[in-house]
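Visitor: Read top to bottom, the protein sequences are chains U and F. Mapping to my numbering: the first sequence position 99 is 99, numbers consecutive. Mapping to my numbering: the second sequence position 71 is 71, numbers consecutive. Cβ atoms here follow ideal geometry from the backbone N, Cα and C, with glycine treated the same way. Just so we're clear, the structure is a prediction, and the values are computed from it rather than from any experiment. Pasting a structure below so you can have a look.
Number of protein chains: 2
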Amino acid sequence: MAEALTGEAILAATEEVLRRYGPAKATVVDVAKALGVSHGSVYRHFPTKAALREAVTRRWLDAIHVEMESVLDENATASDNLRAWLQHLFDKKRLSHTDEPELFATYKVLVGESCVIPEYHVGHLVGQVARIIRAGVDTQEFVTDDVETTAQAVWTATEKFHHPAHAQEWGDPHIQAAFDAVVSLVVAGLRYNRSPSAAGDA
Amino acid sequence: MAEALTGEAILAATEEVLRRYGPAKATVVDVAKALGVSHGSVYRHFPTKAALREAVTRRWLDAIHVEMESVLDENATASDNLRAWLQHLFDKKRLSHTDEPELFATYKVLVGESCVIPEYHVGHLVGQVARIIRAGVDTQEFVTDDVETTAQAVWTATEKFHHPAHAQEWGDPHIQAAFDAVVSLVVAGLRYNRSPSAAGDA
DNA sequence: GGACTGACAGATATTGAAGTCTGTCAGTCC
DNA sequence: GGACTGACAGACTTCAATATCTGTCAGTCC
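Encoded structure:
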């Protein structure tokens, strides 16, 4: 034998095969062929094709999580951090969509195949938003009585700029202006946000 | 002959046929059959099948526009009006989605077939949001230097609660809490919103 | 003579037979 | 004896033949 077949090698080969053939055409046999083994061997490391695809997707999302982490600047205001973080996420997704539309479509399909993967991804990123907001609350730049709920609200309010269902709208020439308007509205809201129950009063 | 074939009668028959067979199966021949005429007659009133479907969709959206108009209360605060208006729109779409999923899917397909129809619908509703915001600015309840842009931002920030691409998430038991959190954030932002260009300062 | 019909051509959708893929497992090989 | 192979069954896709639909228009009928 050449070298032991590892899960990592299979993941790399799967990524390459997905890149080349797309999610609809990529088969387990293609992955095995790229590795020079029979497809039965792939099933010794991953129980199903779905599990293999999910592992590839998770690896890809983890890289995004690490990159987003690096955008945060401890010396900046919470508003600036939030704005920069949201802008970075938007730019990343938008560029990926315009520059490598097939790869973007591939990962869109992969993420959509599972229920747990989007939860994992969104949960992680909302956690990062919550940390930005909590820092803002600590410096009294932001006001909120429930950081988690507010972070989720910020995520939801900016959905158009990160949810792949809206990707086709990212080509609109006015999209950056729309982003700025929403983020300004949201940041203004964070400066004096109220709990839902106390929302009706003056 | 029984009675003159009118455009209105054709629209009603088309709606019924779409309801019965769904957008994929409904044919012009079905519509003609329902009216007891040949399909050639339908083409005397509508140039193409697409035009016929678009006319049905527009009639349906116009009814929604009228209904949304009626939600506004001149004596309420702008915040209450905005909240009630968004809630009414959300409830309407959510109930339609859960109670008549096939009809909802039908109109989702019809709206998606055209580019001009969504623009028409969104343009009209954002106009109503703009009127609510303008009233709030007049009473000094809201602050903004560009009502149109801000109305668009409110629409975009609440996209999750009216865009059909998010319909499957409307069944989530926490969706109303998410709605309340986003609307509270947005309303707080309207009370002291800033223009995008002035957003970076303290 | 103007509203309507129905046969028609080209485009689109359906169907089922043939081919491919997934996941398994008894057997091979070091 | 444990990693790997490759033939296999059943599920899923393709593809091409067949059927249906759209849009037209010459002709019918009050």
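Spatial neighbours of F:V28 within its chain, please: CB distance less than 8 Å, with the 5 preceding and 5 following residues excluded, ordered by chain position.
Guide: H39, V42, Y43, K49 and L52.
Visitor: Starting from the Cα of U:Q152, find the closest Cα among U:D145, U:R59, U:V143 and U:A130 and give me that residue.
Guide: Of the candidates U:D145, U:R59, U:V143 and U:A130, the one whose C-alpha sits nearest the C-alpha of U:Q152 is U:A130.
Visitor: Determine which residues of the stretch 149-170 of chain F have a Cβ less than 9 Å from any Cβ of chain U, and write them out in chain order.
Guide: Correct list: T149, T150, Q152, A153, V154, T156, A157, T158, E159, K160, F161, H163, A165 and H166.
Visitor: In the structure shown, what three-state DSSP assignment does U:M1 receive?
Guide: Note that U:M1 has pLDDT 43, beneath the 50 cutoff, so the model's placement of it is unreliable and no number is given.
Visitor: Taking Cβ-Cβ distances below 7 Å as the criterion, which residues of the stretch 110-133 of chain U are in contact with chain F?
Guide: Taking 7 Å as the Cβ-Cβ cut-off against chain F, none of the residues of the stretch 110-133 of chain U qualify.
Visitor: Helix, strand or coil: how does DSSP classify U:N75 here?
Guide: It is coil, neither helix nor strand.
Visitor: Is U:P164 closer than 8 Å to U:K108 when the C-beta atoms are compared?
Guide: It is a contact, given that the beta carbons lie within the stated cut-off.
Visitor: Evaluate F:N75 with the Cβ neighbour count: other Cβ atoms within 10 Å of its Cβ, from every protein chain shown; 16 or more gives buried, anything less gives exposed.
Guide: Classification of F:N75: exposed, given that the 10 Å Cβ count is below 16.
Visitor: Cβ closer than 9 Å: which chain F residues qualify as neighbours of U:G136?
Guide: The contacting residues do not exist; U:G136 stays about 12 Å from chain F at best.
Visitor: Cα-Cα, which of F:S70, F:A188 and F:T158 is closest to U:F142?
Guide: It is F:A188.
Visitor: Leaving aside the five residues before and after F:A2 along the sequence, list all residues of the same chain whose C-beta is less than 6 Å from its C-beta, in chain order.
Guide: Any reading at F:A2 must be qualified, since the residue scores a pLDDT of 49, below 50, and its modelled position is unreliable; no value is offered.
Visitor: Would you say U:V182 lies against chain F (beta-carbon separation less than 8 Å)?
Guide: So yes, U:V182 belongs to the interface.
Visitor: Alpha carbon to alpha carbon, how far is F:V183 from F:A9?
Guide: So the two alpha carbons sit approximately 41 Å from each other.
Visitor: Let's test the definition: count the other Cβ atoms within 10 Å of the Cβ of U:A198 and tell me whether it reaches 16, buried, or not, exposed.
Guide: Note that U:A198 scores a pLDDT of 45, beneath 50, so its modelled location is shaky; the value from the coordinates is reported in the next line. U:A198 should be labelled exposed.
Visitor: Under the three-state reduction of DSSP, which class applies to U:E8: helix, strand or coil?
Guide: U:E8: helix per DSSP, three-state reduction.
Visitor: Could you check if F:A135 is buried or exposed, using at least 16 other CB atoms within 10 Å of its CB as the buried criterion?
Guide: With 16 or more other Cβ atoms within 10 Å, it is buried.
Visitor: Below 8 Å CB to CB, which residues in the same chain sit around U:Y192 once its five sequence neighbours on both sides are set aside?
Guide: Taken in chain order, the residues that qualify are V143.
Visitor: Tell me, please, whether the CB atom of U:E15 is closer than 8 Å to any CB atom in chain F?
Guide: With 8 Å as the cut-off, U:E15 does not count as an interface residue toward chain F.
Visitor: Output needed for U:L61: all residues of its chain with C-beta closer than 6 Å, excluding positions within five of it in sequence on either side, in chain order.
Guide: H121, listed in sequence order.
Visitor: Alpha carbons only, please: which of F:E69, F:T139 and F:H65 is nearest the one belonging to F:P216?
Guide: An answer regarding residue 216 of chain F cannot be provided, because it is not within the stretch 1 to 202 covered by chain F.
Visitor: Specify the secondary structure class of F:H163 as computed by DSSP and reduced to three states.
Guide: Residue state, collapsed to three classes: coil.
Visitor: In angstroms, rounded to a whole number, what distance separates the CA positions of U:D145 and F:V186?
Guide: U:D145 and F:V186: Cα-Cα distance of roughly 16 Å.
Visitor: Answer yes or no: does any C-beta atom of chain U fall closer than 8 Å to that of F:M1?
Guide: Low local confidence applies: a pLDDT of 41 at F:M1 is under 50, so the model's placement there is unreliable, with the coordinate-based value given in what follows. Answer no: the Cβ-Cβ gap between F:M1 and chain U never drops below 8 Å.
Visitor: Under the three-state reduction of DSSP, which class applies to F:H97: helix, strand or coil?
Guide: If DSSP states are grouped into helix, strand and coil, F:H97 belongs with the helices.
Visitor: Check whether the Cβ of F:E74 lies closer than 8 Å to any Cβ atom in chain U.
Guide: Not an interface residue.
Visitor: On the CB-based measure, 16 or more other CB atoms within 10 Å of its CB, does F:L95 come out buried or exposed?
Guide: Classification for F:L95: exposed.
Visitor: With a threshold of 8 Å on Cβ separation, who are the neighbours of U:T139 within its own chain once the five nearest residues in sequence on each side are excluded?
Guide: Once the five neighbours on either side are set aside, the close Cβ partners of U:T139 are T77 and A78.
Visitor: U:E102 and U:G171: beta carbons closer than 8 Å?
Guide: Against a cut-off of 8 Å, the Cβ pair of U:G171 and U:E102 comes out as no contact.
Visitor: Taking the alpha carbon of U:I175 as the point to measure from, which residue in F:L86, F:L89, F:G36 and F:T156 has its own alpha carbon closest?
Guide: Nearest C-alpha to U:I175: F:T156.
Visitor: Name the chain F residues whose beta carbon is nearer than 9 Å to that of U:A178?
Guide: Within 9 Å Cβ-Cβ: T149, Q152, A153 and T156.
Visitor: Is it buried or exposed, U:V116, if we count other Cβ atoms within 10 angstroms and call 16 or more buried?
Guide: It counts as exposed.
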